[in-house]
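Below is one structure; the comments refer to it alone.
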Amino acid sequence: MSLVLGIDPGSRVTGYGLIDVQGNRLSYVDCGCIRTEGGALPARLKKIFDELSRLVETHRPSQVAMEEVFVGRNAASALKLGQARGAAMAACLQSELEVSEYSARQVKQAVVGTGAAQKGQVQHMVKALLRISDTLAEDASDALAVAICHTNTQKSLISMAGAKSFSRKRFR
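In this note's numbering, the protein residues as written are 624 to 795.
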């Protein structure tokens, strides 16, 4: 059993998703959103850190994947997003978990088959791949997509190497 935690960081809403990977089979475990709306930024960052720390402690994932920062036109928003990512990353690193990072385009490519996919297409494929019938929050769905992307990427790396398993630590 390999439990993968996907994180879609945000300064107001951080999505998380957990999937269990057994061979080629992906199973939905849990997902949700950490909502930090309102309050000063330091308090919101603490909430992200505390809640993800609790989640890691409870579920004990073996791998973590996070979406990279998308830098738009608003530099202040990009900085806040970077700080939220840092809080999320620190929560994982304190438990000695390595964090893999993927761009939004990589995630869409891995889940839908095109890096230009729309949010609705990503959400539809996440629900189909994980056999989820319930409605998913957008940020939780994005986090599950990051976990699926990570799983697919790791399987591709293993396949290309002709190995039965893969550890990033070997290449450092």
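Every residue gets a Cβ at the ideal spot worked out from N, C-alpha and C, and that includes glycine.
In this structure, does DSSP put A740 in helix, strand or coil? To locate residue 740, count along the sequence shown from 1; it is residue 117. Coil.
Let me know the secondary structure DSSP gives R793 once reduced to three states. The count along the sequence shown starts at 1 and reaches residue 793 at position 170. Because the pLDDT at R793 is just 47, under 50, the model does not fix this residue reliably, and the point stays unresolved.
Here's the rule: buried if 16 or more other CB atoms are within 10 angstroms of the residue's CB, otherwise exposed. What is L628? Counting from 1 along the sequence shown, the entry for residue 628 is found at position 5. So L628 ends up on the buried side.
DSSP puts M689 in a beta bridge; with which residues? On the sequence shown, position 66 is the one that residue 689 refers to. DSSP, once it has assigned bridges, lists I630 and E724 as partnering M689.
Which value, in whole angstroms, describes the spacing of the CA atoms of K778 and G640? As a working note, residue 778 is residue 155 in the sequence shown. As a working note, residue 640 is residue 17 in the sequence shown. Roughly 19 Å separates the two Cα atoms.
Does V636 come out as helix, strand or coil in the three-state DSSP assignment? Stepping through the sequence shown from its first residue, residue 636 is reached at position 13. Looking at V636 - three-state DSSP - the assignment turns out to be strand.
Who are the near neighbours of A713 in its chain, counting only those whose CB is closer than 7 Å to its CB and skipping five residues on each side? Taking the sequence shown and counting its residues from 1, one reaches residue 713 at position 90. Only F672 meet the Cβ criterion.
Using a Cβ-Cβ cut-off of 6 Å (strictly less than) and excluding sequence neighbours within five positions of V749, which residues of its own chain qualify? Mapped onto the sequence shown, residue 749 falls at position 126. Cβ neighbours of V749 beyond the five flanking positions: S764, L767 and A768.
Nearest to H682 by CA position, among G709, C715 and T774, is which residue? Start at 1 with the first residue of the sequence shown, and residue 682 comes out as number 59. Ranked by Cα distance from H682, the first of G709, C715 and T774 is C715.
Cβ contact (3+ pairs, closer than 8 Å) linking the segment 723–734 and the segment 744–761: Touching, yes, given that three or more Cβ pairs across the two stretches are closer than 8 Å.
For my contact list, E680 and P632 are in at a C-beta cut-off of 8 Å; report their separation, rounded to the angstrom. On the sequence shown, position 57 is the one that residue 680 refers to. On the sequence shown, position 9 is the one that residue 632 refers to. A Cβ-Cβ distance of about 19 Å is found for the pair E680 and P632, leaving them out of contact under the 8 Å criterion.
Helix, strand or coil at L716 [DSSP, three-state]: Within the sequence shown, residue 716 is the residue found at index 93, counting from 1. In this structure, L716 counts as helix in the three-state DSSP scheme.
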